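Below is one structure, written out as structure tokens, with a few remarks after it.
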Amino acid sequence: MNPYVLVILLSSLGLGTTLTFASSHWLLAWMGLEINTLAITPLMAQHHHPRAVEATTKYFLTQATAAAMILFASTTNAWMTGEWSIYDLSNPIASAMFMAALALKIGLAPVHFWMPEVLQGLDLLTGLILSTWQKLAPFALIIQTAHTIDPLMLTMLGLTSTLVGGWGGLNQTQLRKILAYSSIAHMGWMIIVIQYAPQLTLIALGTYIAMTSAAFLTLKMSLATKISTLATTWSKSPVLASTTALILLSLGGLPPLTGFMPKWMILQELAKQDLPIIATTMALAALISLYFYLRLCYAMTLTISPNTTNSATPWRTQTTQVSLPLALFTTATLGLLPMTPAILMLAT
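Convert by adding 84 to the 1-based position in the sequence shown; the result is the number in the working numbering.
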């Protein structure tokens, strides 16, 4: 892609998100989301592969539907209340419609079906942008309006997403689909606690972005898109193979890695709110997710010599890829748990 075009598209991505962050008027927020969608569409289709074009089409149609629903919800709210302010979403029909539209935007279950299919058709860097940056603007709107949305709806969306995200990833062999289901499960954790402690949602979103970035950059470094390819990365870069296993366990939420921190704090908050059944269900759903991360770890680190794999072992060649972002995100993914008290203090 032409570097000038790339700069324009990436700037538009930044502009769209910033516009949604800064707006207090529904039309401006909607405009920011639209700029975001239109900016990432050429990035998704840049390889002109049939799968990429198909993924781009699916993504565009889904996001256009969600944008139309947001516009309809905000117009309905303005019609009923005479207010265009984001903070005054007092009409129950408009708030339910708005939450459904944003759930579709970020890929919450039960409107998650586009997410694995779209992510599977993209290259790893565009998939990284889709899984991280594209979640920011919708989450800004959800956090601002969470107090007006029906608590039961938020709880059901969170629980369903966590269960579907764990269940859907069990039978996958494609790494991008596994990361898509991982994303759905993490979104569920963020949504379940948003009505009680929005600062925990922000902490969970920050750690999710660090962990997912580390996972995508690692896969890009080892050029792996399937579990069978992942099984041969130890010969190319043994250190990368061991850190990848730890990144995956961090995504699963195992202590003493960073991924344990948001899950721990969210479960603590749910217990504090007298919701033991929901907290237990979330913890059990996290175990389902952990199973498929352990599957990847097994393929990476326990199928090495003297065990045999069916795939050809790649040569250990020098890479020309930039490794600094990977190093930074990996450090954040593996070592931030001792910083929990400081992060909590900053967030509250």
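Ideal placement from N, C-alpha and C gives every residue a C-beta, glycine not left out. From a predicted model like this one, the values you see are computed outputs, not experimental measurements.
Original post:
Which value, in whole angstroms, describes the spacing of the CA atoms of LEU247 and GLY337?
Top reply: Cα to Cα, LEU247 sits roughly 15 Å from GLY337.
Subject >> Proximity of PHE300 and GLY211 at Cβ, strictly below 8 Å >> reply: Against a cut-off of 8 Å, the Cβ pair of GLY211 and PHE300 comes out as a contact.
**OP:** For the alpha helix (DSSP H) holding GLN352, just list the boundary residues, first then last.
**Re:** 344 to 356 is the span of the alpha helix (DSSP H), which, as asked, contains GLN352.
**OP:** Would you list, in sequence order, the uninterrupted alpha helix (DSSP H) runs of no fewer than 4 residues that lie entirely inside the region 187 to 246?
**Re:** You should have 198 to 204, 208 to 215 and 217 to 229.
**OP:** Could you tell me the boundaries of the alpha helix (DSSP H) in which VAL137 lies?
**Re:** For VAL137, the enclosing alpha helix (DSSP H) starts and ends at 134 to 165.
Original post:
CA-CA distance, ALA363 and THR414?
Top reply: Taking the Cα positions, ALA363 is about 29 Å away from THR414.
Original post:
Does the beta carbon of HIS133 fall short of 7 Å from some heavy atom of the ligand MN?
Top reply: Looking at this structure, you won't find the ligand MN or any other ligand, since it has none at all.
**OP:** Would you grab the beta carbon distance between THR387 and ALA315 for me? Rounded to a whole angstrom, and I think it's under 8 Å.
**Re:** With a Cβ gap of about 5 Å, THR387 and ALA315 count as contacting.
Original post:
What is the DSSP secondary structure of HIS109, counted as helix, strand or coil?
Top reply: DSSP places HIS109 within a strand segment (E or B) once states are collapsed to three.
**OP:** Could you pull the start and end residues of the alpha helix (DSSP H) that ALA269 belongs to?
**Re:** 259 to 277 is the span of the alpha helix (DSSP H), which, as asked, contains ALA269.
**OP:** Identify the continuous alpha helix (DSSP H) that holds THR404 and give its terminal residues.
**Re:** Segment: none, THR404 is in no alpha helix (DSSP H) and carries neither H nor E.
Original post:
When we look at the beta-carbon of LYS261 and count the other beta-carbons within 10 Å, is it buried (16 or more) or exposed?
Top reply: Burial call: buried.
Subject >> Given 8 Å, three or more beta-carbon pairs between the region 320 to 328 and the region 241 to 259 >> reply: With a cut-off of 8 Å, the region 241 to 259 and the region 320 to 328 do not count as touching, because too few Cβ pairs lie within range.
**OP:** Along the alpha helix (DSSP H) that carries THR296, what are the first and last residues, could you check?
**Re:** Counting along the chain, the alpha helix (DSSP H) containing THR296 begins and ends at 282 to 306.
**OP:** Output yes or no for whether 8 Å exceeds the beta carbon distance between PRO222 and LYS189.
**Re:** In this structure, LYS189 lies closer than 8 Å to PRO222 by Cβ.
Subject >> Rounded separation between TRP168 and THR424 - CA only >> reply: Spanning the alpha carbons of TRP168 and THR424 requires a straight line of approximately 38 Å.
**OP:** Taking GLN518 as the reference, give the member of ARG135, LEU371, VAL195 and HIS133 with the closest Cα.
**Re:** A question about residue 518 goes unanswered here, because the residues of the chain that appear run from 85 up to 432.
Original post:
Is VAL202 buried or exposed, if buried means 16 or more other CB atoms sit within 10 Å of its CB?
Top reply: It is buried - the Cβ of VAL202 has at least 16 other Cβ atoms within 10 Å.
Original post:
SER169 bridges to which residues according to DSSP?
Top reply: Under DSSP, the beta-bridge partners assigned to SER169 are HIS109.
**OP:** Name, in chain order, the residues that DSSP records as bridge partners for THR320.
**Re:** A quick correction: the sequence has Lys, not Thr, at residue 320. Answer is none; LYS320 lacks a bridge partner.
Original post:
Any idea if ALA106 is buried or exposed, counting beta-carbon neighbours within 10 angstroms, 16 or more meaning buried?
Top reply: Exposed, since its Cβ has fewer than 16 Cβ neighbours within 10 Å.
Original post:
What is the rounded straight-line gap between the Cα of LEU489 and the Cα of THR296?
Top reply: Here the chain covers residues 85 to 432 and nothing more, so residue 489 does not appear.
Subject >> Length of the line joining the Cα atoms of ALA294 and SER158 >> reply: ALA294 and SER158 have their alpha carbons spaced roughly 33 Å apart.
Original post:
What distance in whole Å lies between the Cβ atoms of LEU333 and TYR375, which are believed to be in contact at a cut-off of 8 Å?
Top reply: Actually they do not touch by this definition, with Cβ atoms about 12 Å apart.
Original post:
Can you list, in chain order, the residues of its chain whose CB lies under 6 Å from that of ALA184, leaving out five sequence neighbours each side?
Top reply: Result list for ALA184: empty, nothing under 6 Å.
**OP:** Rank LEU90, MET115 and GLN357 by C-alpha distance to the C-alpha of GLN130 and give the top, closest one.
**Re:** Nearest option by C-alpha distance: LEU90.
**OP:** Would you check if there are 3 or more beta carbon pairs closer than 8 Å linking the region 131 to 142 to the region 163 to 178?
**Re:** With a cut-off of 8 Å, the region 163 to 178 and the region 131 to 142 do not count as touching, because too few Cβ pairs lie within range.
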